[in-house]
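K.L.:
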Amino acid sequence: RRAAFAQLRGEVPVTSDGHRITVMINAGLRDDLAALDLTGADGIGLFRTEFQFLVSATLPQREAQRRLYKDVLEAAGDRPVTFRTVDIGGDKALPYLNHDEDGEEENPAMGWRALRLALDRDGLMKAQARALIEAGAGRTLNIMFPMVSEPWEFDAARELFEAQRAWLAARGKKMPTEIRYGAMLEVPALAEVLDILLPKIDFLSIGTNDLTQFLFAADRAHPKLALRYDWLSPSILRFLKRVVDQARTAGVPVAVCGEMGGRPLEAMALIGLGIDRLSITPAAVGPIKAMVRSLDRAALIDAMQTWLAEPGRSLREPLTAWAVEHSI
Ligand code: PEP
Ligand code: MG
428 RRAAFAQLRG
438 EVPVTSDGHR
448 ITVMINAGLR
458 DDLAALDLTG
468 ADGIGLFRTE
478 FQFLVSATLP
488 QREAQRRLYK
498 DVLEAAGDRP
508 VTFRTVDIGG
518 DKALPYLNHD
528 EDGEEENPAM
538 GWRALRLALD
548 RDGLMKAQAR
558 ALIEAGAGRT
568 LNIMFPMVSE
578 PWEFDAAREL
588 FEAQRAWLAA
598 RGKKMPTEIR
608 YGAMLEVPAL
618 AEVLDILLPK
628 IDFLSIGTND
638 LTQFLFAADR
648 AHPKLALRYD
658 WLSPSILRFL
668 KRVVDQARTA
678 GVPVAVCGEM
688 GGRPLEAMAL
698 IGLGIDRLSI
708 TPAAVGPIKA
718 MVRSLDRAAL
728 IDAMQTWLAE
738 PGRSLREPLT
748 AWAVEHSI
């Protein structure tokens with residue numbers, strides 16, 4: 428099995444009816460970079476920059492950040508990389524940062540984390556913005572913001588980056604050829620204001636780990652809930668379908684970067700909703716490429732529409748039967 432997937436390293440993920448699916452990896456540390464060549468992935472769709480902060484005993488200095496980002500871009504070569512600004516706080520607390528100045532948080536996942544913390548303590552994000560912009564000199568830099576809940580938060584984060592860009596440019600630093608800004612969709616409220624958000628952003632990336640946690644009000648790490656709610660439930664799939672359709676109409680590219688995209692049946696469902704960009708754990712790239720290459724996408728899109736119109740408890744059953752019938 429492993430050998431078969433290793434052989435897929437040089438194969439392009441194209442569906443049997445000729446639709447190219449972009450398959451990228453999620454990464455966060457230098458050690459993950461080797462996976463790019465090992466898997467033959469199309470790039471890094473989610474670089475979790477907080478990992479450097481989490482494994483460090485003290486706050487990583489701007490120069491250490493810049494060096495990491497530069498190494499990531501060099502390893503990727505012409506393949507695209509999307510850096511996510513720090514998603515710390517909540518359950519990813521840093522010992523050297525005073526998170527709970529107002530006391531312990533009762534619900535850290537819904538607490539002062541990610542962009543919320545970064546906008547309040549903007550010194551941290553300013554340093555990160557400079558490190559990213561300097562590392563991206565001479566190429567396209569893709570930046571995305573985690574846990575955007577309202578469009579103004581995206582505006583504020585983008586403005587912060589643009590101010591750092593101007594600051595560095597005024598000092599004669601070499602600039603990225605382009606900076607593209609995206610938002611993560613992880614907080615359901617953002618989906619209700621997509622018409623306002625979409626014209627502002629260059630891309631959208633759906634974080635299905637947090638998104639499903641918030642849609643179902645079910646802790647993503649709770650062992651008793653792990654099997655209770657299904658990624659293939661009609662509520663999630665209908666939600667995603669609305670988002671994908673709206674983004675397509677606005678001409679904004681959408682990717683999924685949560686774990687859901689790394690599971691073959693779930694990834695198949697996502698492609699059936701019209702998603703054609705996945706960023707997944709490196710070990711899943713082979714299996715997902717194999718699934719994609721045997722998939723009749725147009726037929727699946729039709730079938731999904733029928734199932735979603737009158738769904739049972741989960742689409743797992745019809746999707747499994749369809750996959751068996753179409754020998755996927
Ligand atoms: C997500 O929430 O789906 C996601 C990709 O981000 P993380 O898992 O790092 O919270
Ligand atoms: Mg998340």
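Here full-length UniProt numbering is used: the first residue of the sequence shown is 428, the next is one more, and so on. Glycine is no exception: its CB is placed at the ideal position from the N, C-alpha and C atoms.
Taking the continuous alpha helix (DSSP H) assigned at valine 671, which residues delimit it?
P.N.:
Here the question's residue 671 lines up with position 244 in the sequence shown. Note, valine 671: alpha helix (DSSP H), 661 to 677.
K.L.:
What do you get for isoleucine 623, buried or exposed, if any count of 16 or more other CB atoms within 10 angstroms of its CB means buried?
P.N.:
Position 196 of the sequence shown holds residue 623. By the 10 Å Cβ count, isoleucine 623 comes out exposed.
K.L.:
Is the closest heavy atom of ligand 2 to the C-beta of proline 535 under 7 angstroms?
P.N.:
Along the sequence shown, read from residue 1 onward, the residue named residue 535 stands at position 108. Incorrect: proline 535 has no Cβ contact closer than 7 angstroms to ligand 2.
K.L.:
Let me know the secondary structure DSSP gives methionine 695 once reduced to three states.
P.N.:
Within the sequence shown, the letter at position 268 stands for residue 695. Methionine 695 falls in the helix class under three-state DSSP.
K.L.:
Given a cut-off of 8 angstroms, decide if leucine 542 and phenylalanine 572 are closer than it, judged by their beta-carbon atoms.
P.N.:
The sequence position of residue 572 within the sequence shown is 145, counting from 1. The sequence position of residue 542 within the sequence shown is 115, counting from 1. Yes, these two residues count as a Cβ contact at 8 angstroms.
K.L.:
Assuming leucine 551 and valine 575 are in contact, meaning their beta carbons sit under 8 angstroms apart, how far apart are those beta carbons, in whole angstroms?
P.N.:
Along the sequence shown, read from residue 1 onward, the residue named residue 551 stands at position 124. Along the sequence shown, read from residue 1 onward, the residue named residue 575 stands at position 148. Incorrect: roughly 17 angstroms between the Cβ atoms, too far for contact.
K.L.:
Buried or exposed: where does glycine 517 fall if 16 or more other Cβ atoms within 10 Å of its Cβ makes it buried?
P.N.:
Position 90 of the sequence shown holds residue 517. Burial call: buried.
K.L.:
Have a look at the DSSP bridge pairing and note the partners of threonine 466.
P.N.:
Taking the sequence shown and counting its residues from 1, one reaches residue 466 at position 39. Per DSSP, none; premise fails for threonine 466.
K.L.:
Would you call the segment 663 to 682 in contact with the segment 709 to 729, where contact means no fewer than 3 C-beta pairs closer than 8 angstroms?
P.N.:
Between the segment 663 to 682 and the segment 709 to 729 there are fewer than three inter-stretch CB-CB distances shorter than 8 angstroms, so the stretches are not counted as touching.
K.L.:
Tell whether a beta-carbon distance below 8 angstroms holds between threonine 466 and glycine 713.
P.N.:
As a working mapping, residue 466 is identified with position 39 in the sequence shown. As a working mapping, residue 713 is identified with position 286 in the sequence shown. Yes, they are a contact pair.
K.L.:
Under 7 angstroms from any heavy atom of ligand 2, by CB: list those residues in chain order, please.
P.N.:
One residue after another in chain order, those with a Cβ under 7 angstroms from a heavy atom of ligand 2 are Asp514, Pro573, Met574, Met611, Glu613, Gly634, Asn636, Asp637.
K.L.:
Please identify the residue among Leu521, Thr509, Glu477, Leu486 whose C-alpha is closest to the C-alpha of aspartate 469.
P.N.:
In the sequence shown, the residue the question calls residue 469 occupies position 42. For aspartate 469, the nearest C-alpha among the options comes from Thr509.
K.L.:
Using a threshold of 8 angstroms, state whether the C-beta atoms of alanine 590 and arginine 493 are closer than that.
P.N.:
Numbered from 1 along the sequence shown, position 163 holds the residue referred to as residue 590. Numbered from 1 along the sequence shown, position 66 holds the residue referred to as residue 493. Not closer than 8 angstroms, so no.
K.L.:
Write down the C-beta distance between alanine 556 and tyrosine 496 rounded to the nearest angstrom, noting that I regard them as a contact closer than 8 angstroms.
P.N.:
Indexing the sequence shown from 1 puts residue 556 at position 129. Indexing the sequence shown from 1 puts residue 496 at position 69. About 11 angstroms; that fails the 8 angstroms criterion.
K.L.:
Across which residues does DSSP place isoleucine 633 in a beta bridge pair?
P.N.:
If you number the sequence shown from 1, residue 633 lands on position 206. Beta-bridge pairing links isoleucine 633 to Leu612, Val683.
K.L.:
Grouping DSSP H, G and I as helix and E and B as strand, with all else coil, what is glutamate 744?
P.N.:
Here the question's residue 744 lines up with position 317 in the sequence shown. In the structure shown, glutamate 744 sits in a helix (DSSP, three-state: H, G or I).
K.L.:
Relative to the alpha-carbon of tryptophan 658, which residue among Pro680, Gly678, Gly688 has its alpha-carbon at the smallest distance?
P.N.:
Along the sequence shown, read from residue 1 onward, the residue named residue 658 stands at position 231. Residue Gly688 is the option with its Cα nearest to tryptophan 658.
K.L.:
If you compare alpha carbons, which of Ala545, Asp646, Leu735 is closest to leucine 524?
P.N.:
For the purposes of this step, residue 524 is identified with residue 97 of the sequence shown, where counting begins at 1. The shortest Cα separation from leucine 524 among Ala545, Asp646, Leu735 belongs to Ala545.
K.L.:
Do the segment 636 to 644 and the segment 589 to 608 touch if we need at least three Cβ pairs shorter than 8 angstroms?
P.N.:
no
K.L.:
Could you tell me which residues DSSP pairs with glycine 516 in its beta bridges?
P.N.:
Numbered from 1 along the sequence shown, position 89 holds the residue referred to as residue 516. Per DSSP, Lys519, Arg540.
K.L.:
On a Cα-Cα basis, can you pick out the residue from Thr442, Ala736, Asp629 that is closest to leucine 664?
P.N.:
The sequence position of residue 664 within the sequence shown is 237, counting from 1. For the residues Thr442, Ala736, Asp629, the minimum Cα distance to leucine 664 belongs to Ala736.
K.L.:
Our contact map puts serine 754 next to serine 660 with C-beta atoms below 8 angstroms; I'd like the distance itself, whole angstroms only.
P.N.:
Taking the first residue of the sequence shown as 1, we reach residue 754 at position 327. Taking the first residue of the sequence shown as 1, we reach residue 660 at position 233. Not a contact, Cβ separation roughly 26 angstroms.
K.L.:
Using only CA atoms, which one of Gly739, Ile570, Ser443 lies nearest to phenylalanine 630?
P.N.:
Your numbering for residue 630 matches position 203 in the sequence shown. Cα-wise, what sits closest to phenylalanine 630 is Ile570.
K.L.:
Quickly, what does DSSP pair methionine 451 with across the bridge? List them, please.
P.N.:
Within the sequence shown, residue 451 is the residue found at index 24, counting from 1. Answer is Ser706, bridged to methionine 451.
K.L.:
Can you tell me whether threonine 733 is buried or exposed, with buried defined as 16 or more other CB within 10 angstroms of its CB?
P.N.:
Position 306 of the sequence shown, counted from the first residue, corresponds to residue 733. Answer is exposed; the Cβ neighbour count stays below 16.
K.L.:
I'd like to know whether the C-beta atoms of arginine 511 and leucine 460 end up nearer to each other than 8 angstroms.
P.N.:
Indexing the sequence shown from 1 puts residue 511 at position 84. Indexing the sequence shown from 1 puts residue 460 at position 33. The answer is no: Cβ separation not under 8 angstroms.
K.L.:
Quick check: what's the CA-CA separation for methionine 451 versus isoleucine 471?
P.N.:
Mapped onto the sequence shown, residue 451 falls at position 24. Mapped onto the sequence shown, residue 471 falls at position 44. Their backbone Cα atoms lie some 5 angstroms apart in a straight line.
K.L.:
Can you have a look at lysine 716 and say buried or exposed, based on whether 16 or more other CB atoms are within 10 angstroms of its CB?
P.N.:
Position 289 of the sequence shown holds residue 716. The residue is buried, with at least 16 neighbouring Cβ atoms inside 10 Å.
K.L.:
Within 10 angstroms of the Cβ of threonine 476, are there 16 or more other Cβ atoms? Answer buried if so, exposed if not.
P.N.:
Residue mapping note: residue 476 aligns to position 49 of the sequence shown, counting from 1. Answer is buried; the Cβ neighbour count reaches 16.
K.L.:
DSSP three-state call for arginine 475: helix, strand or coil?
P.N.:
Looking up residue 475 in the sequence shown gives position 48. The three-state secondary structure of arginine 475, taken from DSSP, is strand.
K.L.:
State buried or exposed for glutamate 531, treating a residue as buried only when at least 16 other CB atoms are found within 10 Å of its CB.
P.N.:
Residue mapping note: residue 531 aligns to position 104 of the sequence shown, counting from 1. Glutamate 531 is exposed by the Cβ-count criterion.
K.L.:
For isoleucine 623, which three-state DSSP category applies?
P.N.:
Taking the sequence shown and counting its residues from 1, one reaches residue 623 at position 196. If DSSP states are grouped into helix, strand and coil, isoleucine 623 belongs with the helices.
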